[in-house]
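Novice: Under the UniProt record's numbering, think of the first position of the sequence shown as 1, with each following residue one higher. No residue lacks a Cβ here, since even glycine has one placed at the ideal position from N, Cα and C. None of the values given here were measured: they were computed from a predicted structure. Can you read through this structure? Questions will come right after.
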Amino acid sequence: MKLKSYRKKSDNNPLIRYELNKLQESNTQTEYLLATENRFEALLDTCEEKTPEELWLGMKNIWTEAAENTLGKKKSMKKKPWISTETIELASEKRKARKNNEKGKYIRLRNEIKYEMTNVNGWKNNAPKYKSLTPTTKQNNSLKK
Numbered sequence: 001m002k003l004k005s006y007r008k009k010s011d012n013n014p015l016i017r018y019e020l021n022k023l024q025e026s027n028t029q030t031e032y033l034l035a036t037e038n039r040f041e042a043l044l045d046t047c048e049e050k051t052p053e054e055l056w057l058g059m060k061n062i063w064t065e066a067a068e069n070t071l072g073k074k075k076s077m078k079k080k081p082w083i084s085t086e087t088i089e090l091a092s093e094k095r096k097a098r099k100n101n102e103k104g105k106y107i108r109l110r111n112e113i114k115y116e117m118t119n120v121n122g123w124k125n126n127a128p129k130y131k132s133l134t135p136t137t138k139q140n141n142s143l144k145k
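Take a look at the structure:
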């Protein structure tokens, strides 16, 4: 199996997150309320001539534009890669060893990659955090019955 890193193609309309913590402040809260109320009053004046879809789009635009102007967009945090470059290099070496029929080297590299993925990068490294999620022996026995 070959491991390749690739970039996931995003949708045309990515999810936009706003700084909702700013709504805790009274200044921002009143500013947002005023911006939405004024625009909703203008929308209600013309609601009899519009279809429900047009009304929904108008309401959605009011909320998003008010949020962009008063709250601002949330800065995205960089995510750590799920697989390290060292592990990718080990995988390519393992692939070469398999092609060259070096069984001992292949097995050593395979075990090293398994160790890296489970203990260093994976679940076992964070075991104390997830200890409450692992079933105990009593729970296992009760599940088997």
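For Lys-94, I'd like the list of residues in its chain whose CB is within less than 7 Å of its CB, leaving aside the five on either flank, ordered along the chain.
Specialist: For the purposes of this step, residue 94 is taken as residue 94 along the sequence shown, with counting starting at 1. Excluding residues within five positions, the ones whose Cβ falls inside 7 Å are Tyr-106, Leu-109, Arg-110 and Ile-113.
Novice: If we count Cβ pairs, one from each stretch, closer than 8 Å, do we get three or more for the region 5-20 versus the region 67-86?
Specialist: The region 5-20 is in contact with the region 67-86.
Novice: Quick one: which unbroken alpha helix (DSSP H) runs of 4-plus residues sit fully inside the region 3-54? Chain order, please.
Specialist: Listed in chain order, the complete alpha helix (DSSP H) runs (minimum 4 residues) inside the region 3-54 are 26-45.
Novice: Along the chain, where does the alpha helix (DSSP H) containing Gly-104 start, and where does it finish?
Specialist: Counting from one through the sequence shown, the residue named residue 104 turns up at place 104. From DSSP, the alpha helix (DSSP H) with Gly-104 extends over 103-115.
Novice: Name the DSSP bridge partner or partners of Lys-73?
Specialist: Reading the sequence shown from its first residue, position 73 is the one you call residue 73. According to DSSP, which records beta bridges pairwise, Lys-73 is partnered with Tyr-18.
Novice: For the alpha helix (DSSP H) containing Ser-84, list its first residue and its last residue.
Specialist: Residue numbering aside, residue 84 sits at position 84 when the sequence shown is read from its first letter. Where Ser-84 is concerned, there is no enclosing alpha helix (DSSP H), given that its DSSP letter is neither H nor E.
Novice: Which word fits Ala-66, buried or exposed, when buried means at least 16 other C-beta atoms lie within 10 angstroms of its C-beta?
Specialist: Counting from one through the sequence shown, the residue named residue 66 turns up at place 66. Per the 10 Å Cβ criterion, buried.
Novice: Does the beta-carbon distance from Thr-36 to Ile-62 come in below 8 Å?
Specialist: As a first step, residue 36 is located in the sequence shown; it is residue number 36 there, counting from the start. As a first step, residue 62 is located in the sequence shown; it is residue number 62 there, counting from the start. In contact: Thr-36 and Ile-62 (Cβ atoms closer than 8 Å).
Novice: Looking only at its chain, what residues have a beta carbon closer than 8 Å to the beta carbon of residue 164, apart from the 5 residues adjacent to it on each side?
Specialist: The shown model of the chain, from 1 to 145, leaves out residue 164, and the question about it has no answer.
Novice: Please classify Thr-61: does DSSP put it in a helix, a strand, or coil?
Specialist: Reading the sequence shown from its first residue, position 61 is the one you call residue 61. Looking at the sequence itself, residue 61 is Asn, so the reference to Thr does not match. If DSSP states are grouped into helix, strand and coil, Asn-61 belongs with the helices.
Novice: Return the CA-CA distance between Thr-30 and Thr-64, expressed in angstroms with no decimal places.
Specialist: The residue given as residue 30 occupies position 30 in the sequence shown. The residue given as residue 64 occupies position 64 in the sequence shown. Thr-30 and Thr-64: Cα-Cα distance of roughly 16 Å.
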